[in-house]
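Q: Take this structure first; my questions come after.
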Amino acid sequence: MKNYLVKKVVISVLTLLIVILILFLAMDLMPGTPFNNPKLSPEQREMLKSAYGLDKPVLIRYLIYVKNMFKGDFGVSYALAIDTPVSELIIKRMPVSMAIGGAALALGSIGGLILGFTAAFTKYYIKKFGKIIDGICILISILGISIPSYIIAIALSYFVGFKFRLLPLVYDFRNPAGSSIMAVLSLSFVVCAVITRYARDEALEVLKSDYVLFAMTQGIRGPSLLFRYIIRNSFIGVITVMAMMFVGLMTGSLVTEQIFSIPGIGFLLTSAINAKDYNVVISLSFVFAALFIVVRLLLDIIYVLLDPRVRVVNDRR
2 MKNYLVKKVV
12 ISVLTLLIVI
22 LILFLAMDLM
32 PGTPFNNPKL
42 SPEQREMLKS
52 AYGLDKPVLI
62 RYLIYVKNMF
72 KGDFGVSYAL
82 AIDTPVSELI
92 IKRMPVSMAI
102 GGAALALGSI
112 GGLILGFTAA
122 FTKYYIKKFG
132 KIIDGICILI
142 SILGISIPSY
152 IIAIALSYFV
162 GFKFRLLPLV
172 YDFRNPAGSS
182 IMAVLSLSFV
192 VCAVITRYAR
202 DEALEVLKSD
212 YVLFAMTQGI
222 RGPSLLFRYI
232 IRNSFIGVIT
242 VMAMMFVGLM
252 TGSLVTEQIF
262 SIPGIGFLLT
272 SAINAKDYNV
282 VISLSFVFAA
292 LFIVVRLLLD
302 IIYVLLDPRV
312 RVVNDRR
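Each residue of the sequence shown is one higher than the one before, counting from 2 in the working numbering.
Written out as structure tokens, the structure is:
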């Protein structure tokens with residue numbers, strides 16, 4: 002198991018380095034510079050590029066960036082907040098995105114698990130009436146997956162925020178909880194739909210498995226059968242989806258943050274791309290990739306804890 006995790010960590014570090022290299026090459030190919038102030042002359046732009054080291058070859062800049070990155074230095078902003086450390090910009094905005102993303106993930110996951118398990122249990126045990134409940138849950142899931150979150154965000158913004166004035170239209174630092182409700186709802190609807198579908202399919206598969214039938218023949222029923230055999234084994238598949246959605250929600254929704262003017266890292270990323278602020282774009286992309294990889298590593302560990310079969314396979318490697 003130890004060798005398996007070490008191998009995963011090495012692969013993860015190499016993946017991050019490749020991601021950063023691709024970002025450097027992509028940003029270098031984009032037209033324009035971070036210094037787009039019309040008042041600047043061509044000579045002044047060249048002086049600024051030289052002062053920030055942007056006149057060096059892209060591979061040299063990549064190596065310098067990686068070296069500084071391992072020291073915890075992500076450079077400074079060139080355009081959005083001139084000479085402000087990028088790490089400071091991210092630290093200020095990350096809590097906002099994490100709070101909204103965490104609330105959306107929790108709300109959507111709870112709703113999705115309830116709907117998914119309800120659909121599976123009623124279909125398996127109640128048969129005819131259960132098919133109706135199962136169909137309703139599937140319809141909700143299809144609608145949630147089909148309708149983009151920004152459409153739901155726009156609808157909530159118009160009806161709840163503008164027409165009926167029940168909630169603030171944009172994010173307000175004086176009322177962060179109240180002004181985040183519509184963003185949380187719009188993001189959680191998609192989460193709920195996806196989790197509903199996966200939880201239903203996983204639970205139905207577990208209910209039909211041989212080990213559940215064997216447990217029932219041994220007299221194991223009720224809460225013991227439900228939590229120890231059915232829900233626990235259903236979570237192995239569902240938790241993968243939850244983990245991947247966790248990364249997307251924790252790092253902010255680009256469009257949703259724009260709609261509600263939420264000062265999160267999603268809003269920061271879109272602004273940095275428009276301004277071609279190299280360091281901000283690359284640093285945020287690095288944070289996103291690092292979060293994704295860390296979650297994948299934690300997911301591997303959780304698999305081992307939940308499923309003994311995974312532990313046996315890893316021990317043989």
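All C-beta atoms, glycine included, are put in the ideal place defined by N, C-alpha and C. The structure presented is a predicted model; accordingly, all values stated were derived computationally and were not measured.
Is the beta carbon of L144 sitting closer than 8 Å to the one on M183?
A: Their beta carbons are not under 8 Å apart, which means L144 does not touch M183 by this criterion.
Q: Could you tell me if K124 is buried or exposed, where buried requires 16 or more neighbouring beta carbons within 10 angstroms of its beta carbon?
A: Looking at its Cβ environment, which holds 16 or more other Cβ atoms inside 10 Å, K124 is buried.
Q: Can you look up P264 in the DSSP assignment and give me helix, strand or coil?
A: Three-state result, P264: coil.
Q: Given this structure, state the Cα-to-Cα distance separating E258 from I61, to the nearest angstrom.
A: Straight-line Cα distance between these residues: approximately 35 Å.
Q: List the residues that DSSP assigns as beta-bridge partners of P86.
A: In the DSSP output, where bridge partners are listed per residue, P86 has V77.
Q: Going along the chain, which residues of its own chain have a beta-carbon closer than 7 Å to the beta-carbon of V77, five neighbours each way excluded?
A: Around V77: D84, T85, P86, V87 and N280.
Q: Buried or exposed: A27, going by 16 or more other Cβ atoms within 10 Å of its Cβ?
A: That one is exposed.
Q: Which complete alpha helix (DSSP H) runs does the segment 22-78 hold, if anything under 4 residues is left out?
A: Taking only runs of at least 4 residues, the alpha helix (DSSP H) segments lying wholly in the segment 22-78 are 43-52 and 59-70.
Q: Buried or exposed: A204, going by 16 or more other Cβ atoms within 10 Å of its Cβ?
A: Burial call: buried.
Q: If I'm right that S272 touches L81 with Cβ under 8 Å, what's the distance once you round it to whole angstroms?
A: Between L81 and S272 the Cβ distance is about 6 Å, and since that is below 8 Å, they are a contact.
Q: Distance check for D29 and S147, CA to CA, integer angstroms please.
A: Taking the straight line joining both Cα atoms gives about 36 Å.
Q: Going by beta carbon distance, what residues of the same chain come within less than 6 Å of D1, once the five residues before and after it are set aside?
A: Absent from the model: residue 1. The displayed extent of the chain is 2 to 318, so no value can be given.
Q: Which residue spans inside the segment 128-197 form an unbroken alpha helix (DSSP H) run of at least 4?
A: Runs found: 129-147 and 150-157.
Q: F247 to K57, Cα distance in whole Å?
A: Straight-line Cα distance between these residues: approximately 38 Å.
Q: Starting from the Cα of L328, find the closest Cα among I263, A194 and V59 and give me that residue.
A: The structure shown has nothing for residue 328, since the chain only spans 2 to 318.
Q: To which residues of the same chain is V242 closer than 8 Å at the C-beta, ignoring the five residues directly before and after it?
A: So the list reads V195, I196 and Y199, once near-sequence residues are dropped.
Q: Quick check: what's the CA-CA separation for V288 versus I127?
A: Computed Cα separation, rounded: 47 Å.
Q: With L227 as the anchor, note down where its alpha helix (DSSP H) starts and where it stops.
A: No alpha helix (DSSP H) holds L227; DSSP gives it neither H nor E.
Q: Is DSSP giving V314 helix, strand or coil here?
A: With a pLDDT of 49 at V314, under the threshold of 50, the predicted position of this residue should be treated as unreliable, though the coordinate-derived value follows. In this structure, V314 counts as helix in the three-state DSSP scheme.
Q: Just checking Y125 against the ligand ADP - is the residue's beta carbon closer than 7 Å to any of the ligand's heavy atoms?
A: Summarising the ligand content, the structure contains no ligands, and the ligand ADP is consequently not present.
Q: Check each candidate in V20, F163, P32 and I221 and name the one with the smallest Cα separation from I283.
A: It is V20 whose Cα lies nearest to the Cα of I283.
Q: Please return the same chain residues whose Cβ sits closer than 8 Å to the Cβ of F118, not counting the five positions on each side in sequence.
A: Closer than 8 Å at the Cβ level, and outside the excluded window around F118, lie A200, R201, A204, I232 and S235.
Q: Roughly how many whole angstroms lie between the Cα atoms of G179 and L114?
A: Rounded to whole angstroms, G179 to L114 spans 26 Å at the Cα level.
Q: Going straight from the alpha carbon of L15 to that of I266, what length do you get?
A: Between L15 and I266, the C-alpha separation is close to 25 Å.
Q: So, using beta-carbon positions, are I263 and I155 closer together than 8 Å?
A: No; because the gap between Cβ atoms is not below 8 Å, this pair is not in contact.
Q: I need the boundaries of the alpha helix (DSSP H) containing D278, first residue and last residue.
A: Premise fails: D278 is in no alpha helix (DSSP H) and is neither H nor E.
Q: For I153 versus F190, is the C-beta distance shorter than 8 Å?
A: Going by C-beta atoms, I153 is nearer than 8 Å to F190.
Q: Exposed or buried, what is I23 when buried is set at 16 or more other beta-carbons lying within 10 Å of its beta-carbon?
A: Per the 10 Å Cβ criterion, exposed.
Q: Which residue wins for smallest C-alpha separation from L18, given the options K3, E47, R46 and Y66?
A: Of K3, E47, R46 and Y66, the residue nearest in Cα terms is Y66.
Q: Leaving aside the five residues before and after K93 along the sequence, list all residues of the same chain whose C-beta is less than 7 Å from its C-beta, in chain order.
A: Counting only Cβ-Cβ distances below 7 Å, and skipping sequence neighbours, we find nothing.
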